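Enquirer:
Numbering (our numbering), first residue to last: 3 to 153.
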């Protein structure tokens, strides 16, 4: 990756952006999925404030259930998945082996741009939630910014 970036002395702002679209699905365990679907999980508690169940469910294909399943990933925290893959793939060793390092602070795009950032009780949270639901994103998109580690 480092040949794609100018050296820090030439361009201290040179940044390579990578998008990981499937990293969450490929590294999420069955146990983690089941635990998060529990009624008492943080994501379920958050979701029920945005999408309260007002009638009995008809079945697993009930529109309200489908909406809950789709919305869940927009309110979940997947940082632990990132930490796991960062450790597994030894991102900390990248400067030594491939000449790039993850930027300490992302400056171009958020790490998880399609995750709901507001709590349900905060002003504008319902509008932000509705926008995410309409956007066609999954909430699992991870962007990382890289810089060349040396000249």
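A virtual CB, placed ideally from N, CA and C, is assigned to each residue, including glycine.
All figures in this text were calculated on a predicted structure; none of them were measured in a lab.
1) Would you kindly work out how many angstroms separate the C-alpha atoms of residue 25 and residue 61, rounded to a whole number?
2) Just the C-alpha distance for residue 23 and residue 44, rounded to the nearest angstrom, thanks.
3) Would the beta-carbon of residue 67 be found less than 7 Å away from any heavy atom of the ligand COA?
4) In whole angstroms, what separates the C-alpha of residue 29 from that of residue 87?
5) Less than 8 Å between the CB atoms is what I'm expecting for residue 115 and residue 143, so what's the real figure, rounded?
6) Here's the rule I'm using: 16 or more other beta-carbon atoms within 10 Å means buried, otherwise exposed. How should residue 75 be labelled?
Expert: So, to answer that:
1) Each residue's Cα considered, the two are about 30 Å apart.
2) Cα to Cα, the separation comes out at about 23 Å.
3) No copy of the ligand COA occurs in the structure displayed, which carries no ligand at all.
4) 8 Å
5) Right, their Cβ atoms sit about 7 Å apart.
6) Per the 10 Å Cβ criterion, buried.
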